[in-house]
Amino acid sequence: MRISLLILFVLFFVGAVAQGKKEDVLYLKNGSIIRGQLVGSSDQQTRILTQDGSVWSFNKAELDSVRSEKRYRNFAYKTKGFAHFSELGPLVAGKTTVDGVTTAAFSFQTVNGYKFNQFAMLGFGTGVDLYATQTIVPLFASFRGDIATNGTVLPFYFIDAGYGANITQDSQAGEDFKGGLLYAAGLGVKIPFNRSAGFLLSIGYRYQATQSIRNQDEIDTKYRRLAIRAGFFL
Numbered sequence: 000m001r002i003s004l005l006i007l008f009v010l011f012f013v014g015a016v017a018q019g020k021k022e023d024v025l026y027l028k029n030g031s032i033i034r035g036q037l038v039g040s041s042d043q044q045t046r047i048l049t050q051d052g053s054v055w056s057f058n059k060a061e062l063d064s065v066r067s068e069k070r071y072r073n074f075a076y077k078t079k080g081f082a083h084f085s086e087l088g089p090l091v092a093g094k095t096t097v098d099g100v101t102t103a104a105f106s107f108q109t110v111n112g113y114k115f116n117q118f119a120m121l122g123f124g125t126g127v128d129l130y131a132t133q134t135i136v137p138l139f140a141s142f143r144g145d146i147a148t149n150g151t152v153l154p155f156y157f158i159d160a161g162y163g164a165n166i167t168q169d170s171q172a173g174e175d176f177k178g179g180l181l182y183a184a185g186l187g188v189k190i191p192f193n194r195s196a197g198f199l200l201s202i203g204y205r206y207q208a209t210q211s212i213r214n215q216d217e218i219d220t221k222y223r224r225l226a227i228r229a230g231f232f233l
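Numbering that gives the first Met the number 0 puts the sequence shown at residues 0 to 233.
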């Protein structure tokens with residue numbers, strides 16, 4: 000629990016920092032607005048460096064005001080159409096095996112679907128979950144959406160559900176492996192690079208049921224994990 004709270008705090012602290020980035024803004028008396036970074040100011044002139052590398056100088060008499068504002072978002076974020084997510088990261092948990100042994104795990108997944116609007120996307124995903132003793136290929140439906148509609152950092156939610164196919168090789172001792180139900184849910188933040196692509200971070204709960212059969216004895220194993228992921232979206 001302490002680990003999950005710490006990771007959640009770090010995740011949204013990163014988002015808050017990115018959301019809070021500022022830039023200098025010159026409001027001119029002729030109605031023009033210049034955005035960038037102040038690189039010099041005197042009693043007579045103010046100089047500003049714009050995003051394209053140009054440096055502009057203005058006399059004090061030309062200025063109406065100088066402000067520090069949230070960085071201007073110069074693209075329109077895509078709200079409808081094809082959507083793609085690729086994510087990877089650790090699956091953190093405590094004792095989950097039959098013998099009560101703490102096992103490390105790593106996960107990769109990709110989701111493709113259709114974005115109906117900024118709040119709702121339906122897609123289908125697959126990937127691979129590498130547990131210490133078993134290998135699972137998840138096949139699932141994913142419902143996702145943005146919580147905020149604008150800004151340089153967009154919080155989002157996700158809900159996944161499906162089946163995990165167990166591809167662990169049968170052991171020489173005659174142990175057979177089977178998959179089972181999987182589901183996941185969580186929150187994250189998206190940091191767009193342009194109108195349709197960007198970087199993402201997420202954290203959520205992931206459940207995976209599996210079964211092994213040894214000498215006609217059925218052994219159920221349930222993996223309950225904290226999934227921490229990083230990746231990109233389109």
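Every residue gets a Cβ at the ideal spot worked out from N, C-alpha and C, and that includes glycine.
Pairing residue 110 with residue 154 gives a Cβ-Cβ distance that is not under 9 angstroms. DSSP, reduced to helix, strand and coil, places residue 164 within a strand of the structure shown. When the beta-carbon positions are compared, residue 68 and residue 28 stay at least 9 angstroms from each other. Taking 9 angstroms as the cut-off, the beta carbon of residue 91 is found no closer than this to the beta carbon of residue 183. The C-beta distance from residue 203 to residue 230 rounds to 13 angstroms, too long to fall under 8 angstroms, and the pair is not in contact. For residue 217, the uninterrupted beta strand (DSSP E) run begins and ends at 216 to 232, by DSSP. Selection 52, 215, 89 evaluated against residue 34 yields 52 as nearest (Cα-Cα). Residue environment: residue 228 is assigned as buried (16 or more neighbouring CB atoms within 10 Å of its CB, all protein chains considered).
Counted as a single uninterrupted DSSP element, the stretch harbouring residue 195 is not any beta strand (DSSP E), since DSSP gives it neither H nor E. Rounded to whole angstroms, the Cβ separation of residue 178 and residue 218 is 14 angstroms, and the two are not in contact under 8 angstroms.
In this structure, the alpha-carbon of residue 216 lies about 14 angstroms from that of residue 209.
In the DSSP annotation of this structure, the continuous segment of the beta strand (DSSP E) that includes residue 64 starts and ends at 62 to 69. In terms of CA proximity to residue 37, 54 leads the group 54, 125, 159. When secondary structure is reduced to three states using DSSP, residue 59 falls in the helix class.
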